[in-house]
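If you're matching them up, the sequences are chains A and B in order.
Residues 7 to 290 in my numbering are what the first sequence lists, from first letter to last.
Residues 1148 to 1444 in my numbering are what the second sequence lists, from first letter to last.
Read through the structure below, which is laid out as structure tokens, and then see the notes.
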Amino acid sequence: MTRKKIAQFLGFMALRVCLYLVLAALLLFLYDIGKKGGRTISWEFLSKMPRRGMTEGGIFPAIFGTFLVTLVTAILAVPMGMFSAIYLNEYAKQNRITRLIRLSIRNLSGVPSIVYGLFGVILFVNIFKFGTSILSAGLTLGLMTLPWTITASEEALKTVPNSYREGALALGATKWQSIRTNVLPHALPGMLTGTVLGLARAAGETAPIMFTGAAFALPFLPKSLSDQFMALPYHLYIMATQHHDLAKARPLAYGTALVLIVFVLGMNMIAVVLRYRLRRKRKA
Amino acid sequence: MTKRALRNIRESAIKAFFFTNGILAVIVLLGIFALLLSSAIPAFREIKLSEFLGQTLWDPTSPTGARYGILSMIVSTIYVTLAAMVMALPIGLGVAAYLSDVAHWRVREIVKPIVEVLAGIPSVVVGFLGIVLIGPLLAKLTGRTNGLNGLNGAILLAVMSLPTIISISEDSLNAVPNAYVEASLAMGATRWQTLARVKIPAALSGIIAAFMLGMGRAIGETMTVLMATGNARTFPHGLLESLRTMTSNIAIELGEVPYYTTHYYALFAIGLVLFLMTFLVNLVADIVLHKYQERES
């Protein structure tokens, strides 16, 4: 009896150690970036252009570029993700085509990000002749985000009770009228939350934009969607590995890492708060 | 009557519109495969497939004759991925078991969002930490001049695949029918024995799927390994050596290669190999997960 108890105690202890290990790793990561990046952050760092071969000055063009490319990503991925989810949850019957679509979505979310980058080079840069630009990079990221936004939007649609749909149909509404008036208003907050989470992930990606539009360094801001741009993740990669004076660039790399983390986790936070508040509002 | 006909037409048009969006995922997936294939095929006008997959030397810019063997990269990718999984699976499963069977629900409510934060850290930041944090640590521990090697990349990949492994394993542990647990406890087993000998075996297919999905992510991860593993082009003989994975090689060379040369096409061929590898791993995960969901329902 006691031996069994001891085994249980040790076993549960081992599980707890696993959890502590994960939490410790996360804390260590965030602490290191927060402490060393925090020293670099200043108003100048956030609002100015890089100077002296990127050993001084700020990262404003990278922040601006990431913001812009995420916008393009959103314009492609948000509506298409939502429409696709509406089809799957509201219209699709259980048949071969639906199964094929679902299988494709699951596999798309497993395609490596660098493969999306290669795909973007062929399709957007070369075939569509968009060149290396914000447009090419944003569309590449948009396609990568698509499976996430579809899945998230469908989850939101699933939470709408069937009686809402049936109520509208019973009053003589058409299918689309019932979706528009009774389903979408309730699912929209959840759809938006999931979509913002997907966009946050896209904003932090490097591999898909490396060859489709992100630039090493630009002395000016992009003027149109067909210009190259600087982006936070790619800038961090450059500052950490490609810079001619790595030691001098290190503080700026830490600063960039912190800004990137705050950008991405900030978007996550917005999504979570949004979900929480909308959920409470619905209950009340 | 005409009004109704009009209404029906509009409804069908709307349905067709949504269907077009729905079918898009299939088109994109096929498109990726087709375009990769069409850009990879020209490479094999000059490279023999047996050389490409069977030779270890990759030296496309050699003046004495370009060599296009990717075996070293394939082996490097497999090394780093498996090492990452050896670390991530027990820890991830441990956390999942802790959350599903031991932890108070309040702890669970706190830990789950924290694990999500871990999933939200961009891979380039994780790679950066490999350079500034894990690298120096490994160098000190192993007595080498630098810590940019396979082990560094594996540690980082393990951390990155943990959220996937934890959440899917926890779901599958929670999906084990309560009757199994109650039967085990009624026979006098402790909660630990129930967990180790009843719940984990019952959830095994879900755990295998978690492992496969984590592995799929690790194989395709680019920035982390690019920054942390050192990228030497030699055949790897151990994890403490600098090595170059398939993803890193594409990332390093695609920026410099002249368009439409054999070297350029060969990089797309590597992309195709990568696509097929991850596709296979994800498909197996999908089948396993599906089987297990069918059995549970």
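All C-beta atoms in this analysis are idealised placements derived from N, C-alpha and C, irrespective of residue type, glycine included.
None of the values given here were measured: they were computed from a predicted structure.
Could you tell me which chain A residues have their CB closer than 7 angstroms to the CB of B:W1339, listed as they occur along the chain?
On the second sequence, position 192 is the one that residue 1339 of chain B refers to. Within 7 angstroms Cβ-Cβ: A13, Q14, G17 and F18.
Do you know how far the Cα of A:T8 is from the Cα of A:G17?
Translated into the one-based positions of the first sequence, residue 17 of chain A becomes position 11. Translated into the one-based positions of the first sequence, residue 8 of chain A becomes position 2. Taking the straight line from one Cα to the other gives about 14 angstroms.
Taking the alpha carbon of A:L33 as the reference point, which residue from B:I1170, B:L1280, B:T1311 and B:I1225 has its own alpha carbon closest?
The sequence position of residue 33 of chain A within the first sequence is 27, counting from 1. For A:L33, the nearest C-alpha among the options comes from B:L1280.
What separation, rounded to the nearest whole angstrom, lies between the Cα atoms of A:L264 and A:W49?
For the purposes of this step, residue 264 of chain A is taken as residue 258 along the first sequence, with counting starting at 1. For the purposes of this step, residue 49 of chain A is taken as residue 43 along the first sequence, with counting starting at 1. Rounded to whole angstroms, A:L264 to A:W49 spans 14 angstroms at the Cα level.
In three-state DSSP terms, what is B:P1283?
The count along the second sequence starts at 1 and reaches residue 1283 of chain B at position 136. Three-state DSSP puts B:P1283 in a helix.
Can you find the residues in the same chain that come closer than 7 angstroms, C-beta to C-beta, to A:S232, ignoring five residues on each side of it along the sequence?
Position 226 of the first sequence, counted from the first residue, corresponds to residue 232 of chain A. Cβ neighbours of A:S232 beyond the five flanking positions: F136, G137, S139 and L141.
Relative to the C-alpha of A:V28, which candidate in B:L1309, B:S1270, B:L1204 and B:S1223 has its C-alpha closest?
Residue 28 of chain A sits at position 22 when you count from the first residue of the first sequence. Of the candidates B:L1309, B:S1270, B:L1204 and B:S1223, the one whose C-alpha sits nearest the C-alpha of A:V28 is B:L1309.
Could you pull the start and end residues of the alpha helix (DSSP H) that A:P153 belongs to?
If you number the first sequence from 1, residue 153 of chain A lands on position 147. Counting along the chain, the alpha helix (DSSP H) containing A:P153 begins and ends at I140 to K164.
Kindly provide the ranges of any alpha helix (DSSP H) runs that are 4 or more residues long and lie completely inside the segment 1217–1266 of chain B, ordered along the chain.
Here the runs fully enclosed are 1218–1244.
Compare the C-beta of B:S1186 with all C-beta atoms of chain A and state if any pair is closer than 7 angstroms.
The residue you call residue 1186 of chain B lines up with position 39 of the second sequence. Chain A contact via Cβ: present.
Exposed or buried, what is A:F226 when buried is set at 16 or more other beta-carbons lying within 10 Å of its beta-carbon?
Locating residue 226 of chain A in the first sequence gives position 220, counting from the first residue. So A:F226 ends up on the exposed side.
From B:T1425, B:T1394 and B:V1431, pick the residue whose C-alpha is nearest to that of B:F1415; which is it?
Within the second sequence, residue 1415 of chain B is the residue found at index 268, counting from 1. Of B:T1425, B:T1394 and B:V1431, the residue nearest in Cα terms is B:T1394.
Which residues, in chain order, does the segment 1153–1165 of chain B contribute to contact with chain A at a C-beta distance below 9 angstroms?
If the cut-off is 9 angstroms between Cβ atoms, the segment 1153–1165 of chain B has R1154, N1155, R1157, E1158, I1161, K1162, F1164 and F1165 near chain A.
Check whether the Cβ atoms of A:T212 and A:Y170 sit closer than 7 angstroms, and answer yes or no.
Sequence index remark: in the first sequence, residue 212 of chain A carries index 206 (1-based). Sequence index remark: in the first sequence, residue 170 of chain A carries index 164 (1-based). Cβ atoms of A:T212 and A:Y170: not closer than 7 angstroms.
Are there 16 or more other CB atoms within 10 angstroms of the CB of A:Y93, so buried, or fewer, so exposed?
Along the first sequence, read from residue 1 onward, the residue named residue 93 of chain A stands at position 87. Buried, because 16 or more other Cβ atoms sit within 10 Å of the Cβ of A:Y93.
Consider the Cβ of A:D38: report whether some Cβ of chain B lies at a distance smaller than 7 angstroms.
Along the first sequence, one-based indexing puts residue 38 of chain A at 32. Chain B, which has a Cβ nearer than 7 angstroms to the Cβ of A:D38, makes this yes.
Run through the segment 1179–1207 of chain B for me and flag every whole alpha helix (DSSP H) of 4 or more residues, listed as ranges in chain order.
Within the segment 1179–1207 of chain B, the complete alpha helix (DSSP H) runs of at least 4 residues are 1196–1201.
Roughly how many angstroms separate the alpha carbons of A:F35 and B:I1257, rounded to a whole number?
Residue numbering aside, residue 35 of chain A sits at position 29 when the first sequence is read from its first letter. Residue numbering aside, residue 1257 of chain B sits at position 110 when the second sequence is read from its first letter. Going by the C-alpha atoms only, they are around 19 angstroms apart.
Using the Cα positions of A:A290 and B:A1244, report the straight-line distance between them to the nearest angstrom.
Within the first sequence, residue 290 of chain A is the residue found at index 284, counting from 1. Within the second sequence, residue 1244 of chain B is the residue found at index 97, counting from 1. Only weak support is given to the placement of A:A290: the predicted model assigns it a pLDDT of 49, under 50, and the question is left unresolved by the model.
Please decide whether B:Y1245 counts as near chain A, where near means a Cβ-Cβ distance under 7 angstroms.
Taking the second sequence and counting its residues from 1, the one referred to as residue 1245 of chain B is at position 98. Closer than 7 angstroms to some Cβ of chain A, the Cβ of B:Y1245 qualifies, so yes.
At a Cβ threshold of 7 angstroms, is A:I92 touching chain B?
The count along the first sequence starts at 1 and reaches residue 92 of chain A at position 86. It does: the Cβ of A:I92 has a partner Cβ on chain B nearer than 7 angstroms.
In this structure, how does DSSP classify A:A220 when only helix, strand and coil are distinguished?
Start at 1 with the first residue of the first sequence, and residue 220 of chain A comes out as number 214. Three-state DSSP puts A:A220 in a strand.
For chain B, find out if any of its Cβ atoms is closer than 7 angstroms to the Cβ of A:F222; answer yes or no.
Within the first sequence, the letter at position 216 stands for residue 222 of chain A. Judged by the 7 angstroms Cβ criterion, A:F222 is not in contact with chain B.
Enumerated in chain order, which unbroken segments of the alpha helix (DSSP H) with a length of 4 residues or greater are wholly contained in the segment 233–260 of chain A?
Listed in chain order, they are 238–243.
With distances taken from CA atoms, which of B:E1329, B:H1410, B:L1284 and B:M1370 is nearest B:R1214?
By one-based count along the second sequence, residue 1214 of chain B stands at place 67. Selected option, being the one with the closest Cα: B:H1410.
Based on the DSSP secondary-structure assignment, which residues constitute the bridge partners of B:Y1215?
Numbered from its first residue, the second sequence carries residue 1215 of chain B at position 68. B:Y1215 is bridged to B:W1205.
Does the segment 1317–1330 of chain B come close enough to the segment 1247–1256 of chain B that 3 or more CB-CB pairs lie under 8 angstroms?
Taking 8 angstroms as the limit for Cβ pairs, the verdict is that the segment 1317–1330 of chain B does touch the segment 1247–1256 of chain B.
Return the CA-CA distance between B:P1383 and B:Y1412, expressed in angstroms with no decimal places.
For this step, residue 1383 of chain B is matched to residue 236 along the second sequence. For this step, residue 1412 of chain B is matched to residue 265 along the second sequence. Going by the C-alpha atoms only, they are around 25 angstroms apart.
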